[in-house]
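**Q** Chains as they are written, first to last, in full-length UniProt numbering: chain A, 1 to 238; chain B, 1 to 238. Heads up, the beta-carbon is just placed ideally off N, CA and C, and yes, glycines get one too. Below is a structure I'd like to ask you about.
Number of protein chains: 2
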Amino acid sequence: MSQSVEQVPAPRLIETLSLSDQVRNLLLEGLTSGRLRAGDRINEAELARTLGISRNPIREAISGLAQRGFLVASPRRGHFMRAFTPQDVNDVFSFRICVEAFAIRQALPLMDAADHDDLRRIVDRMIAAAEQEDLTELRQADIALHRRICELSQNRQTLRAHEGIDTEVQMLVAYVDLDHETPMEAALAHVPIVEAMASGDVASSVAALEHHLQATWARVLDIYDKTGPAPVRLAGAH
Amino acid sequence: MSQSVEQVPAPRLIETLSLSDQVRNLLLEGLTSGRLRAGDRINEAELARTLGISRNPIREAISGLAQRGFLVASPRRGHFMRAFTPQDVNDVFSFRICVEAFAIRQALPLMDAADHDDLRRIVDRMIAAAEQEDLTELRQADIALHRRICELSQNRQTLRAHEGIDTEVQMLVAYVDLDHETPMEAALAHVPIVEAMASGDVASSVAALEHHLQATWARVLDIYDKTGPAPVRLAGAH
DNA sequence: AAGTTGCAGACTGTGGACAGATTAGGCTGC
DNA sequence: GCAGCCTAATCTGTCCACAGTCTGCAACTT
Chain A
1 MSQSVEQVPA
11 PRLIETLSLS
21 DQVRNLLLEG
31 LTSGRLRAGD
41 RINEAELART
51 LGISRNPIRE
61 AISGLAQRGF
71 LVASPRRGHF
81 MRAFTPQDVN
91 DVFSFRICVE
101 AFAIRQALPL
111 MDAADHDDLR
121 RIVDRMIAAA
131 EQEDLTELRQ
141 ADIALHRRIC
151 ELSQNRQTLR
161 AHEGIDTEVQ
171 MLVAYVDLDH
181 ETPMEAALAH
191 VPIVEAMASG
201 DVASSVAALE
211 HHLQATWARV
221 LDIYDKTGPA
231 PVRLAGAH
Chain B
1 MSQSVEQVPA
11 PRLIETLSLS
21 DQVRNLLLEG
31 LTSGRLRAGD
41 RINEAELART
51 LGISRNPIRE
61 AISGLAQRGF
71 LVASPRRGHF
81 MRAFTPQDVN
91 DVFSFRICVE
101 AFAIRQALPL
111 MDAADHDDLR
121 RIVDRMIAAA
131 EQEDLTELRQ
141 ADIALHRRIC
151 ELSQNRQTLR
161 AHEGIDTEVQ
171 MLVAYVDLDH
181 ETPMEAALAH
191 VPIVEAMASG
201 DVASSVAALE
211 HHLQATWARV
221 LDIYDKTGPA
231 PVRLAGAH
């Protein structure tokens, strides 16, 4: 085992993203935006040509995403975008409720008025985005709100777990149309959560969160139940 | 973005672990066994020489572990074993309670008598190991029990999150001496959990789990509070 | 005509090498 | 004796090259 004895280096202030990191972020963006769909293969050489870099940084990025479960590896064949089953939807959302409820329980005693205003501002962002039908901004603010709650818990494990969950949720809803809900409804659904948190009551805050997440859960599950066990594209024509 | 249109391949029956995967497992084993300590640097070239392979598979393994948070990356300097603060201990154990309690809640309605016997057998393993003062086997069985509970929840997200938590816990306790508890006490502490689960009562099962984990939490925290904010080895002599 | 076999292309897994950055140590000056 | 600078060694980040394997297609056999 390779190990040398020295101090942990001080974290540097200026972050220089390596090529691997940039590729990782790019792939994550592709996974969560819907450009990559279930069953899609990541072609290392093609991606290397497109980005004008060698295959190694790409391999490292892909390898990490596979270890985190966002891609599935098939030896000697390559890496593929995950396919989701209805059970995956249930697993993700039930656990998401567990994590975010825990985040609220830990965050509430730590929060001050400024934090509550912060959350309200994010909800205002959502409402403004809904008014302008800016779905991208609406989604961004939605993600930011849930993430902010986890940050306010000041628990790194919670935040880390939520990042994984959040990525999966985005992958789930990336290329499906969540109907049954207008943008404004989606934005307003977050008001009760933030207001309950502002009141300081844990039980009602968690209840409001669960109510909202269960509604989203049902909507996503509805789609995955309809489209079958795994919404996979058909194989290419020949 | 690189993507081709085809089906997700069927999982193959014969698994051939790539060098990257083998190195990843080796490093994980080093992280959780205590051979790698806080602040230790992973020397890619040295590890490559030791294992008789090139640096590429090693880089991929390290990159993945860093993305999962088990190693910290310092650009142009390398990768280092994490240092843990008392807050890390609190974050890990409070979240661990959250996850395992959730696992019990999901698992209980799904379990049958065989599952309960299964858990009892693991506890018996622990007791037998404690009788023979086999601390390695005791630890293995301990890990297996907590993991089994998460598996019984049949929730992949829970299991995945627990794997991360479990790795961190092992890293936390890898090179510290958990005194204040005899092996037999450690083994017997799990009996109430399994028996409460066998009774089918969710509340008492969760209570028993929390009681056990909080005791472990306090013991680990005690050590990290004593040894200072980060139990780092002194820089090497020269 | 259907199934099987051999071949060619493509892609992954791995090895090896180079440039830039960082660190460590020696040297000079005070 | 100590602080600061300079130089050399070490190591990471990246690129390129090669070999083994897999997939798809074509030719062949029955």
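Would you mind stating whether alanine 139(A) and histidine 162(A) have Cβ atoms separated by less than 9 angstroms?
**A** Locating residue 139(A) in the first sequence gives position 139, counting from the first residue. Locating residue 162(A) in the first sequence gives position 162, counting from the first residue. Per the sequence shown, the amino acid found at residue 139(A) is arginine instead of alanine. Going by C-beta atoms, arginine 139(A) is not nearer than 9 angstroms to histidine 162(A).
**Q** From what residue to what residue does the alpha helix (DSSP H) around residue 239(B) run?
**A** The question about residue 239(B) has no answer, for chain B in this structure spans 1 to 238.
**Q** Along the chain, where does the alpha helix (DSSP H) that runs through valine 173(B) open and close?
**A** One-based indexing of the second sequence puts residue 173(B) at position 173. Unbroken alpha helix (DSSP H) run through valine 173(B): 156–173.
**Q** Using 9 angstroms as the threshold, is the C-beta distance between leucine 145(B) and valine 123(B) below it?
**A** As a working note, residue 145(B) is residue 145 in the second sequence. As a working note, residue 123(B) is residue 123 in the second sequence. Cβ atoms of leucine 145(B) and valine 123(B): closer than 9 angstroms.
**Q** For aspartate 98(A), return the contacting residues in chain B, with the cut-off set at a CB-CB distance below 7 angstroms.
**A** For the purposes of this step, residue 98(A) is identified with residue 98 of the first sequence, where counting begins at 1. Aspartate is not the amino acid found at residue 98(A); the sequence shown has cysteine there. Those are Cys98, Phe102, listed as they occur along chain B.
**Q** So for methionine 111(B), helix, strand or coil by DSSP?
**A** Taking the second sequence and counting its residues from 1, one reaches residue 111(B) at position 111. Note: methionine 111(B) maps to coil in three-state DSSP.
**Q** For a contact defined as C-beta to C-beta under 7 angstroms, what are the partners of glutamate 60(B) on chain A?
**A** As a working note, residue 60(B) is residue 60 in the second sequence. Here the neighbours are Arg59, Glu60, Ser63.
**Q** Under the three-state reduction of DSSP, which class applies to arginine 219(B): helix, strand or coil?
**A** Position 219 of the second sequence, counting from 1, holds the residue named residue 219(B). Helix, per DSSP.
**Q** Quick one: Cα of alanine 196(A) to Cα of valine 202(A), how far?
**A** On the first sequence, position 196 is the one that residue 196(A) refers to. On the first sequence, position 202 is the one that residue 202(A) refers to. Distance between the alpha carbons of alanine 196(A) and valine 202(A) is about 8 angstroms.
**Q** Straight-line CA distance for alanine 218(A) to alanine 208(B)?
**A** Counting from one through the first sequence, the residue named residue 218(A) turns up at place 218. Counting from one through the second sequence, the residue named residue 208(B) turns up at place 208. Their backbone Cα atoms lie some 32 angstroms apart in a straight line.
**Q** With a threshold of 9 angstroms between beta-carbons, can threonine 158(A) be considered close to chain B, or not?
**A** Counting from one through the first sequence, the residue named residue 158(A) turns up at place 158. Yes, threonine 158(A) counts as interfacial toward chain B.
**Q** Between leucine 221(B) and valine 89(B), which are expected to be in contact by the criterion C-beta below 8 angstroms, what is the C-beta distance as a whole number of angstroms?
**A** Walking along the second sequence from the start, residue 221(B) turns up at place 221. Walking along the second sequence from the start, residue 89(B) turns up at place 89. Contact holds; Cβ gap of about 5 angstroms.
**Q** Starting from serine 199(B), follow the beta strand (DSSP E) in both directions and report where the run begins and ends.
**A** Locating residue 199(B) in the second sequence gives position 199, where the first residue counts as 1. No beta strand (DSSP E) holds serine 199(B); the alpha helix (DSSP H) holding it covers 191–199.
**Q** Using the rule of at least 16 other Cβ atoms within 10 Å of the residue's Cβ for burial, across every protein chain shown, is glycine 200(B) buried or exposed?
**A** Position 200 of the second sequence holds residue 200(B). So glycine 200(B) counts as exposed.
**Q** List, in order along the chain, the chain B residues whose C-beta lies closer than 7 angstroms to that of isoleucine 165(A)?
**A** Along the first sequence, one-based indexing puts residue 165(A) at 165. Near isoleucine 165(A) (Cβ distances below 7 angstroms), the residues of chain B are Gln157.
**Q** For the pair the region 20–37 of chain B and the region 57–69 of chain B, tell me if three or more CB-CB distances fall below 8 angstroms.
**A** These segments touch.
**Q** In chain order, what residues of the region 70–92 of chain A put their CB closer than 9 angstroms to some CB of chain B?
**A** Under the 9 angstroms Cβ criterion, the region 70–92 of chain A contributes Val72, Ala73, Ser74, Pro75, Arg76, Arg77, Gly78, Phe80, Met81, Arg82, Ala83, Gln87, Asp88, Asn90, Asp91, Val92.
**Q** Per DSSP, leucine 71(B) is paired with what?
**A** As a working note, residue 71(B) is residue 71 in the second sequence. Met81(B), per the DSSP bridge assignment.
**Q** Buried or exposed, going by whether 16 or more other CB atoms sit within 10 Å of the CB of threonine 158(A)?
**A** Numbered from 1 along the first sequence, position 158 holds the residue referred to as residue 158(A). It is buried - the Cβ of threonine 158(A) has at least 16 other Cβ atoms within 10 Å.
**Q** Kindly indicate which residue of Val194(A), Gly30(A), Ala103(A) has the alpha-carbon position closest to the one of leucine 71(A).
**A** In the first sequence, counting from the first residue as 1, residue 71(A) sits at position 71. With distances taken between Cα atoms, leucine 71(A) lies closest to Gly30(A).
**Q** So with Cβ pairs under 9 angstroms, would you call glutamate 185(B) a contact of chain A?
**A** By one-based count along the second sequence, residue 185(B) stands at place 185. So, not an interface residue.
**Q** Please state whether the Cβ-Cβ distance between threonine 167(A) and leucine 28(A) is less than 9 angstroms.
**A** Translated into positions along the first sequence, residue 167(A) becomes position 167. Translated into positions along the first sequence, residue 28(A) becomes position 28. Result yes, Cβ atoms of threonine 167(A) and leucine 28(A) sit closer than 9 angstroms.
**Q** Just verifying my parser: in three-state terms, what is the DSSP assignment at isoleucine 42(B)?
**A** Sequence index remark: in the second sequence, residue 42(B) carries index 42 (1-based). Isoleucine 42(B) falls in the strand class under three-state DSSP.
**Q** Kindly say whether asparagine 25(B), judged by its beta-carbon, lies nearer than 9 angstroms to any beta-carbon of chain A.
**A** For the purposes of this step, residue 25(B) is taken as residue 25 along the second sequence, with counting starting at 1. Not an interface residue.
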